[in-house]
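Numbering (my numbering), first residue to last: 184 to 513. From the three backbone atoms N, C-alpha and C, an ideal C-beta is built for every residue, glycine too. Beneath this line is the structure, given in structure tokens, with notes to follow.
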Amino acid sequence: MSTSIRDGGIGAAVGVIIGILLGAASVWFYFVKQRQAQIVPLEVTTFRERIEQELKIQAEPPRKMKQVVSGLELSCKEDGSLRLALGMACVPFANNAPTFYHTEKLSEVPDAFEESLRRLCLDEVLTETLKDLLLDPKTRLFAIVHLQVRVVFSNLDIHTIGPLSLLPSFVTGFIQSLPLSTKSYTGQSKKHGLCPLTLWRILTVYSMTTDKIIGPGPAIKPAKNLEPQIKRVVNALADVLDVFAKEHDGKGPTHREEIDLAVRDALGVGYEIFSHRFEWQYSWDPEPTRDGITITPGLLQLCDQDGMSLWEPELMEGLPDLRIPGKHPL
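What follows is the structure in structure tokens.
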């Protein structure tokens, strides 16, 4: 009798367990069917449309994060004002070139010249190109302007962080610590590269602003502890250009002092572009040649104000300023 009761109890327990498992399986199957019914296939007719759709999905930031970013008011100058400010920041470099540097052929190129040029941390091809343009009296002054403008603004660009960076040290350190495969994080996928870092930049800049007001706030200013970085860039540029400097008569500033002033003037504009509502990257296309040398870079808009990556970066109208040596004045 007891054996029958025990066997019956075991059978009942097994039945309950089987029932629970079958019930769970039924619920799971039901929800799978419901989910499948809710998924609407994408109506994609071409390979390009499929890629665009995938990138759009990848680029979309989390909804709550997008709401937060939309509520942060950063500096938002119009294109015309930003273009004018960038152009004016490059003027001192152009004005200084004919005043402080000669166009005579060098009888001998110092051994330290090429070494100093390499310390500017430009890529190998550009370094060789600029070396030739600097040594050629016909292109020298234009190359001197391009060299200074490029070194300064490349080091104010979050997309081309290097050893001579003029951005806050914690920004430089963060970007350099990321496992990116290229110098520019725009080379990464929209999901794993540009979009998250755009949101990070916006939050970082907003945290750095001193006056958080309703409506577009002022751009952030270069920090006082930036002095060692400024001196490093100024000295690196001056070391390259010493060989072309006119003999100083003891009156007025030296070419090194003028480089220092021009770099400090450019910092304000560089920080304004860094802290702008939109994502901007300096454009150096076309690269300098004897047929044309950029003295003011272009500006590519990479993202909108919500941190959404643009499918095609948009070049600001009116930039870059390209000059042809022998045809155009500085």
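Check the C-beta distance from residue i over to residue j and give it rounded, since I have them as a contact under 8 Å.
i, j, result
"W467", "T477", "6 Å"
"L409", "I442", "Not really, about 16 Å apart at Cβ, beyond 8 Å."
"A280", "L324", "4 Å"
"P351", "A402", "That belief does not hold up - the Cβ atoms of P351 and A402 are roughly 14 Å apart, past 8 Å."
"P469", "Q484", "19 Å between Cβ atoms; not a contact."
Looking at the secondary structure, which residues open and close the beta strand (DSSP E) in which residue i lies?
i, result
"D504", "D504 to R506"
"S466", "E462 to S466"
"T479", "I476 to T479"
Between which two residues does the alpha helix (DSSP H) harbouring residue i extend?
i, result
"S492", "First-last for S492: S492 to L498, but that is the beta strand (DSSP E), not the alpha helix (DSSP H)."
"E440", "H438 to F457"
"T393", "Careful: T393 lies outside any alpha helix (DSSP H) and carries neither H nor E."
"I358", "S352 to S360"
"Q345", "The residue asked about is misnamed: residue 345 is Gly in this sequence, not Gln. No alpha helix (DSSP H) contains G345, which DSSP labels as neither H nor E."
"L265", "D262 to F283"
Could you check which residue in the options has the C-alpha nearest to that of residue i?
i, options, result
"G263", "L498, P512, V446 and H342", "L498"
"K404", "A419, V416 and V388", "V388"
"G345", "L513, R415, S492 and H438", "R415"
"Q331", "T343, L257, N418 and R266", "N418"
"L382", "Q412, G509 and L257", "L257"
"I341", "H459, K434, E495 and D487", "H459"
"T282", "T437, S390, M391 and G501", "T437"
"P480", "L502, F461, T472 and D294", "L502"
"R384", "M491, T310 and M271", "M491"
"T312", "D294, P471, T393 and D432", "P471"
"V292", "D315, I413, V308 and M271", "D315"
"V328", "A295, C486 and A445", "A445"
"C378", "F461, L265, P469 and E430", "F461"
"L265", "L505, L482 and D487", "L482"
"S348", "L361, R439 and P411", "P411"
"Y136", "T343, E297 and D432", "Nothing can be reported for residue 136, as the shown portion of the chain is limited to 184 through 513."
"F296", "I413, A428, D432 and T392", "A428"
"L380", "L361, M391, V308 and S390", "L361"
"R514", "V354, D294 and I507", "For the chain, the structure presents residues 184 to 513; residue 514 sits outside this window and is missing."
"M271", "P512, G509, D504 and K434", "D504"
May I ask you to report which of helix, strand or coil DSSP gives residue i?
i, result
"K321", "coil"
"R295", "For the sequence presented, residue 295 should be read as Ala rather than Arg. Reduced to three states, the DSSP call for A295 is helix."
"L303", "coil"
"I234", "With a pLDDT of 46 at I234, under the threshold of 50, the modelled position of this residue cannot be trusted; read the value that follows with caution. Helix at I234."
"L482", "strand"
"A428", "strand"
"T472", "strand"
"Q221", "Because the pLDDT at Q221 is just 47, under 50, the model does not fix this residue reliably, and the value given afterwards should be weighed accordingly. Reduced to three states, the DSSP call for Q221 is helix."
"E410", "helix"
"Y368", "Confidence is the limiting factor: at Y368 the pLDDT is only 49, short of 50, which leaves the residue's position unreliable and the question unanswerable from this model."
"A402", "coil"
"S290", "coil"
### Task
Check whether the stretch 300-309 touches the stretch 333-345, taking contact to mean three or more Cβ pairs, one atom from each stretch, closer than 8 Å.
Enough Cβ pairs lie closer than 8 Å, so yes.
### Query
Should the stretch 444-459 be called in touch with the stretch 421-434, which here means at least 3 C-beta pairs below 8 Å?
Fewer than three pairs of CB atoms, one per stretch, sit closer than 8 Å, so the stretch 444-459 makes no contact with the stretch 421-434.
### Message
Is it the case that the stretch 285-293 contacts the stretch 316-326, given that we only count it when at least three CB pairs across the two stretches are under 8 Å?
### Response
With the cut-off at 8 Å, the stretch 316-326 and the stretch 285-293 touch.
### Task
Count the CB pairs spanning the stretch 267-286 and the stretch 442-453 that are closer than 8 Å, and state whether there are at least three.
Between the stretch 267-286 and the stretch 442-453 there are three or more C-beta pairs closer than 8 Å, enough to call the two in contact.
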